[in-house]
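Sequence order for the protein chains is A and B. Quick note: the first sequence uses my numbering, first residue 4, plus one each step. Quick note: the second sequence uses my numbering, first residue 4, plus one each step. Down below is the structure, laid out as structure tokens.
Protein chains: 2
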Amino acid sequence: MPSLKNMPKTSIILVNPQMGENIGAAARVMMNFGLDDLKLISPRDGWPSESATANSAGALDIMPPVEVFDTTAEALKDCHTIYATTARPRDMRKTVMDAHQAANDIADKQSQGLKTAILFGGERAGLTNEDVALAENIITYPVNPEFASLNLGQSVLLMAYEISQATSKTTPITLPDGDSAPVTQSELDDLIGRFDQELSERNFFRNPDMKPTMMRNIRNMLTRTNLSEQETRTLQGIISALIGNKVK
Amino acid sequence: MPSLKNMPKTSIILVNPQMGENIGAAARVMMNFGLDDLKLISPRDGWPSESATANSAGALDIMPPVEVFDTTAEALKDCHTIYATTARPRDMRKTVMDAHQAANDIADKQSQGLKTAILFGGERAGLTNEDVALAENIITYPVNPEFASLNLGQSVLLMAYEISQATSKTTPITLPDGDSAPVTQSELDDLIGRFDQELSERNFFRNPDMKPTMMRNIRNMLTRTNLSEQETRTLQGIISALIGNKVK
């Protein structure tokens with residue numbers, strides 16, 4: 004039986020975090036439960052951060068260097084399955100899970116050798132719809148609706164805890180290989196970029212104001228499908244065929 | 004089954020807590036998960052505490068008054084079953100549970116109308132052996148042994164979370180309706196038929212033997228996506244756009 008130790012660990016991705024203290028708190032609770040892959044998207048106060056280091060109880064000194072990106076999409080390039088944490092409901096057709104269900108799902112994916120990532124929004128506004136659209140799954144926390152004040156560090160703590168619980172139970176299984184290897188985020192992005200380009204050239208987005216929403220809908224559909232690499236190639240082939248000429 | 008709403012809730016008992024901030028943090032995470040019975044044993048800096056109030060995000064203003072006792076035994080007088088949280092192993096013959104098991108046990112006890120309490124030690128030294136001796140059960144957290152720095156608020160958070168999980172059934176998740184009404188099979192068949200026709204006319208299925216397999220793959224992708232009616236119309240529009248001419 005292969006060891007789970009060598010499986011890729013979940014990335015914790017903080018999108019536009021504001022307070023260094025909260026980044027430090029996130030690092031600390033990650034290390035408490037054995038997670039060490041922290042990525043930041045445009046932290047408000049820059050990086051590195053003294054207040055983050057001070058509040059991490061030493062975690063930032065012993066974990067691998069935190070990576071910083073300008074955009075969420077860049078940080079997700081090597082990921083197969085993405086989870087977005089949101090407090091309020093979104094009008095998107097995605098699988099909605101609580102922390103426990105999500106952790107079990109992540110443990111399953113890890114045991115198949117797949118790379119997962121969890122997106123956490125900034126303290127004030129949470130994730131944008133564009134960020135949520137990058138994810139296959141939505142995680143909501145079952146907090147008291149009359150007092151829902153979970154902060155960023157606490158949200159990360161609950162997921163880190165649940166993942167630690169779930170991965171200590173899971174036994175690795177083997178990944179279906181060959182044709183059904185799951186697509187990476189960058190291959191998916193290539194496909195979505197192709198749709199954007201070909202549709203733009205053909206005036207599909209008649210009203211430019213509507214383009215972001217329509218592209219987000221297309222991304223949501225394609226993300227939800229959990230495409231394999233082979234299927235992604237098939238879709239590229241379909242686009243090429245459709246933009247070609249009729250054969251007489 | 005009687006409603007759990009009227010059952011006595013678990014008491015959270017902080018024994019010799021030092022920092023007001025941590026008491027406030029405990030109150031906050033308790034309220035997040037529907038617990039509101041907080042008791043303190045000889046808090047170092049007295050009670051009430053401004054820093055506790057400031058750090059509770061309003062929880063201390065809306066929960067019933069916190070009770071303060073001189074000794075742990077006094078605070079436990081009305082309790083039936085007691086749990087002591089400890090980081091290090093104790094040389095005592097007690098039932099040892101993790102947070103998840105303890106929460107299930109507490110939910111069982113509550114459903115029998117029994118009053119439970121959980122003891123948390125102070126920041127520096129944890130519970131004394133005398134305090135642990137008052138408890139039937141020991142709760143340990145499965146933290147990373149190489150980085151075990153869970154603070155008081157975080158320890159209370161994990162128990163409050165697990166108890167909330169154990170005492171509530173997961174609510175079934177429904178998909179949003181409206182624009183996202185699911186597609187009917189006949190609309191889906193129309194869409195798949197459209198792919199078949201347009202792709203056939205453009206010689207996508209070069210080898211006729213492969214066509215059934217390729218069409219099945221396309222159907223699998225589209226079926227798995229659980230398309231809405233709106234999305235199906237979008238895909239029809241995409242096909243129309245792609246087979247059109249480029250706009251100069």
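Ideal Cβ positions, reconstructed from N, Cα and C, are used throughout, including at glycine.
{"query": "Beta-carbon neighbours of K249 of chain A, restricted to chain B and to distances below 7 Å", "result": "E204, R205"}
{"query": "Members of the segment 137 to 149 of chain B that neighbour chain A once the beta carbon cut-off is set at 9 Å", "result": "Y144, P145, V146, N147, E149"}
{"query": "Span of the alpha helix (DSSP H) around Y164 of chain B", "result": "155 to 170"}
{"query": "I166 of chain A beta carbon less than 8 Å from that of L122 of chain A", "result": "no"}
{"query": "8 Å Cβ cutoff, I16 of chain B in contact with chain A", "result": "no"}
{"query": "The segment 52 to 67 of chain B contacting the segment 27 to 37 of chain B, beta-carbon criterion three pairs below 8 Å", "result": "yes"}
{"query": "DSSP beta-bridge partners of S14 of chain B", "result": "B:D40, B:A120"}
{"query": "Candidates B:Q239, B:V71, B:P46, of which the one nearest L202 of chain A by Cα", "result": "B:Q239"}
{"query": "DSSP-derived helix/strand/coil call for E149 of chain A", "result": "coil"}
{"query": "Chain D contact for L160 of chain A (CB, 8 Å cutoff)", "result": "This model lacks chain D altogether, as its protein chains are A and B."}
{"query": "Cβ shell of A244 of chain B (< 8 Å), same chain only, five flanking positions each side left out", "result": "none"}
{"query": "I242 of chain B at chain A interface by Cβ criterion, 8 Å", "result": "yes"}
{"query": "Whole-Å CB distance - L155 of chain B paired with E126 of chain B, under 8 Å assumed", "result": "6 Å"}
{"query": "Proximal chain B residues relative to L153 of chain A, where beta-carbon distance stays under 7 Å", "result": "N35"}
{"query": "Beta-carbon neighbours of L60 of chain A, restricted to chain B and to distances below 8 Å", "result": "As written in the sequence, residue 60 of chain A is Ala, which differs from the Leu given in the question. Going along chain B in sequence order, the residues near A60 of chain A (Cβ under 8 Å) are S152."}
{"query": "Own chain residues within Cβ distance below 6 Å of A105 of chain A, not counting five before or after", "result": "Y86, I142"}
{"query": "Whether G27 of chain A touches S54 of chain A by CB criterion (8 Å)", "result": "yes"}
{"query": "L153 of chain A beta carbon less than 8 Å from that of L191 of chain A", "result": "no"}
{"query": "Reduced DSSP secondary structure (H/G/I, E/B, other) of D101 of chain B", "result": "strand"}
{"query": "Endpoints, the alpha helix (DSSP H) within which V32 of chain B is located", "result": "23 to 35"}
{"query": "Simplified DSSP state of A244 of chain B, which is helix, strand or coil", "result": "helix"}
{"query": "Any C-beta of chain B under 8 Å from that of Q21 of chain A", "result": "no"}
{"query": "Residue-level contact to chain A via CB, S167 of chain B, 8 Å cutoff", "result": "yes"}
{"query": "Three-state secondary structure (DSSP) of T216 of chain B", "result": "helix"}
{"query": "Contact set between Q157 of chain B and chain A, taken where Cβ atoms lie within less than 7 Å", "result": "V32, L160"}
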